[in-house]
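Notes for the one structure printed next.
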Amino acid sequence: MKQRPSDQFATPASRIEDHGLIGNLRTAALVDRCGSVDWMCVPRFDSPAVFADLLGSEEHGTWAFGPVGLGGVTPKANRQRYLGGTLVLESTWLTPAGTVQLLDFMPVGDHAVQLVRVARGISGCVPMRSLLRARPGYGRTVPQVATEDVRARVDLGDGRLWLDAPVPVRVEDGDLAAAFSLSEGQTIAFSLSWQPGTGSPPAPNASRLLADTQNFWRNWISQSTYTGPDRDAVERSLITLKAMQYEPTGAFVAAPTTSLPEELGGVRNWDYRFAWLRDSALIAETLLDCGGYIEEVRLWIDWLQGVVDGRPESLQIMYGVSGERELTEMELDWLPGFAASAPVRIGNGAAGQLQIDVYGEVVSVLFKAQLHDPGLASAVTSLVTGLVAGLEGIYEQPDMGIWEIRGPRRHFVHSKIMAWVAFDRAIKLVSAGHGEGPVERWRRIRDELHREICERGYDAERNTFTQSYGSTDLDAALLHMVTCGFLPPSDPRIIGTVEAIQRDLSTQGGFLLRYLTEGTDPGVDGLPGDEGAFLICMGWLITALSAIGRHEEAGIFKDQLLQIRNHLGLLAEEWDADAGWQLGNFPQGFSHISVIQAVLAAGATTSTAFTRQTEVIPS
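Residues in the sequence shown are numbered from -12 upward in steps of one, following our numbering.
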């Protein structure tokens, strides 16, 4: 990092990585090490949060649950882990009064959103508490609450939360509180269900829901074909990526949170609860790489067809999970932000940006999907030819690039390379007889682009490609060119680019910045302040190193990446190598793609593993 955050933010009370993820393929919740649910949106990933402690305090909504410690506060669990092959989170406390375990999960299925908390007495008799403080509208509203027989309800305005508990629940200033003791061998379950309107959901059967949830996740992960080293890391990342799919439509969100900071105390705080085409394409590609997950990719392609809707000229770089186009960005001034990092934002203004690389990412994975499943060729080809027809009208323009800068447009080299990829894959699909298109024109554009990039985007004096035409800056996204087939991995310009990025963008431990922000105000991206090392870049670096034959170095960096995962194997968007903590939205799809890329690449023995059905064109 070029600039350290102020001492005021040097030691946050809790860290981003002090959380576990649970979810139901519609929304998700974060549970901290003390057993508190301090982030949950209902009924969708991008719905307003009812628990927003993560971006404020307990007053903005939380569900605290666990043994009663000193001062009535629940201490951190002594152990927290996932039950093997599932998204069921187990927290264990060893207390003076005895030992208890808590299982947190969200059942998967067509029923309304549920969050189930099953407490088990392992030994002794432990005093326990539950304090459910729902605060609709991202912590802004104190709702009406009431008890009805064995149930309690919370009115949200656009629906209700229903709490089923086996012990008496009392109403306290908009909260629902319960105190009880848990003895050895005793199991009790609390269930929180969301229901639209005023109707009440059926009473839950917690034991059946737990069994069904475990079976779902274990059956799903059993489809993975990866059996090599670091299998547990790959499987945890696969489960995390699957948890980011909105199953009703097939869309993938980039992360289930908003506004977790890229610098403590900084303003680089963004809403990631939307479906970026780039992120979704890379998730789909990763699922293909691990085999067995063609249905997830098919579902995503169906969603993509819906958002393109035969109008590639109006393509956006991101959408809501049901294809919504309006993602108006606004600030929530009543939330102070994680570790006082304001503003807290919802919506994302980048939705209206021009990012040319998206065409290459999407077309590349569509091409790969039909290689895995030839039955997709027809649908894929119509999408590809439409997207490339749209690309013809814009590929020569400057854009905002993969990092969606908030400054002036540039001719980003990575964007141009990915435009080349889009034309290249379209040529291959049509040439294979899967559809029709102006192959000769596309071939001419592709070849002209290749020459232009090598002339205008390459610094011969330093032997490296650059961030944009005419610039001397570097960009870690250029590592993508090593595996996309633009040049052979053995080309001196490729090797020089990898070495330059390592030399100029590395932080402690070899983690890479996306580019240098230099601590300027504004920086090269039009924003003030700095940020952490971007973890997807580490996966790209490891893949590039393996591709150019530096396997031992790739393995060392892979180990570095795996070591910074949290106690549950989860990663946020970025890593502060100096402070030793995670930054940005959590967990982040890009980062878990990076884990899987790193493991697959470090285990490869030849660079040929990374030439992905491409045609290398010499310049």
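We put the CB at the ideal spot given by N, CA and C, even for glycine.
Please say whether L163 and A139 have beta carbons closer to each other than 7 angstroms?
yes
Report the residue from A589, Q575, A585, Q584 whose alpha carbon sits nearest the alpha carbon of W247.
Strictly speaking, residue 247 in this sequence is Leu, with Trp absent from that position. Cα-wise, what sits closest to L247 is Q575.
For A166: DSSP bridge partner residues
A166 pairs with R116.
Taking only runs of the alpha helix (DSSP H) that begin and end inside the segment 500 to 565, which ones reach a length of at least 4 residues, in chain order?
522 to 534, 538 to 550
Bridge-paired residues (DSSP) for Y125:
According to DSSP, which records beta bridges pairwise, Y125 is partnered with nothing at all.
DSSP three-state call for T227: helix, strand or coil?
helix
Going by C-alpha to C-alpha distance, which of L416, M387, T14 sits closest to V345?
Per the Cα distances, M387.
Same chain only: Cβ atoms within 6 angstroms of D610, ignoring 5 sequence neighbours per side
Not covered by the structure: residue 610. The range shown for the chain is -12 to 606.
With a CB to CB cut of under 8 angstroms and the five nearest residues on each side skipped, what residues in its chain are close to I535?
V469, P476, S477, I481, I482, V485, S594
Contact the segment 211 to 218 vs the segment 295 to 304: 3+ CB pairs below 8 angstroms:
no
Opening and closing residue of the beta strand (DSSP E) in which R140 lies:
138 to 142
To which residues of the same chain is A0 closer than 7 angstroms at the C-beta, ignoring the five residues directly before and after it?
none
Cβ of I622 within 7 angstroms of Cβ of L269?
The question about residue 622 has no answer, for the chain in this structure spans -12 to 606.
Member of G324, T273, D360, G422 whose CA lies at the smallest distance from the CA of E348
Of the candidates G324, T273, D360, G422, T273 places its Cα closest to the Cα of E348.
Run through the segment 24 to 86 for me and flag every whole beta strand (DSSP E) of 3 or more residues, listed as ranges in chain order.
24 to 28, 36 to 38, 49 to 54, 66 to 69, 76 to 82
Where does Q495 fall in DSSP's three states?
helix
Sub-7 angstroms separation of L322 and L42 beta-carbons:
yes
Does the Cβ of N65 have 16 or more other Cβ atoms within 10 Å, making it buried, or fewer, making it exposed?
exposed
Cross-strand partners of R2 (DSSP beta bridge):
The partner list for R2 (beta bridge, DSSP) is empty, contrary to what the question assumes.
So, G571 versus E250, is the Cβ gap smaller than 7 angstroms?
no
Outcome for S328 when other beta-carbon atoms lying within 10 angstroms are tallied against a minimum of 16
buried
Taking a contact to mean a Cβ-Cβ separation below 7 angstroms, would you say L465 touches H401 in this structure?
yes
Pair every Cβ in the segment 176 to 185 with every Cβ in the segment 97 to 109, then say whether three or more of these pairs are closer than 8 angstroms.
Yes, since at least three Cβ pairs between the segment 176 to 185 and the segment 97 to 109 fall closer than 8 angstroms, the two stretches touch.
Have a look at V129, Y306, S351, F354 and flag the residue whose alpha-carbon is nearest the alpha-carbon of N335.
Y306
R260 beta carbon less than 7 angstroms from that of F32:
yes
S620 by DSSP, collapsed to three states: which one?
The structure shown does not extend to residue 620, since the chain is modelled only from -12 through 606, so no value can be given for it.
Say whether the segment 544 to 553 touches the segment 225 to 238, bearing in mind that this needs 3 or more beta-carbon pairs closer than 8 angstroms, one atom from each stretch.
no
The ligand NAP heavy atom lying under 6 angstroms from the CB of R265:
Among the ligands in the structure shown, none appear at all, so the ligand NAP cannot be discussed.
Taking all protein chains shown into account, do 16 or more other C-beta atoms lie within 10 angstroms of the C-beta of R2, making it buried, or fewer, making it exposed?
Flag for R2 reads buried.
Bounding residues of the alpha helix (DSSP H) (the contiguous stretch that carries D434)
Boundaries of the alpha helix (DSSP H) harbouring D434: 426 to 443, taken from the DSSP string.
Drop a sphere of 10 angstroms on the beta-carbon of G108, count the other beta-carbons inside from all chains shown, and report buried for 16 or more, exposed for fewer.
With 16 or more Cβ atoms within 10 Å of its Cβ, G108 is classed as buried.
Alpha carbons only, please: which of F92, S170, M231 is nearest the one belonging to S178?
Considering only F92, S170, M231, the residue with the shortest C-alpha distance to S178 is F92.
What does a CB cutoff of less than 7 angstroms around A541 pick up in its chain, not counting 5 residues either side in sequence?
For A541, the CB contacts under 7 angstroms within the same chain, skipping 5 residues up- and downstream, are I529, L532, S533, A588, A589 in chain order.
Counting only the same chain and skipping the five closest in sequence on each side, list residues whose C-beta sits under 7 angstroms from that of L370.
Result list for L370: L291, Q292, V295, L353, in chain order.
If I follow the unbroken alpha helix (DSSP H) through R412, where does it start and stop?
R412: member of the alpha helix (DSSP H) spanning 400 to 418, first to last residue.
Boundaries of the beta strand (DSSP E) in which W181 is found, first to last residue
For W181, the uninterrupted beta strand (DSSP E) run begins and ends at 174 to 182, by DSSP.
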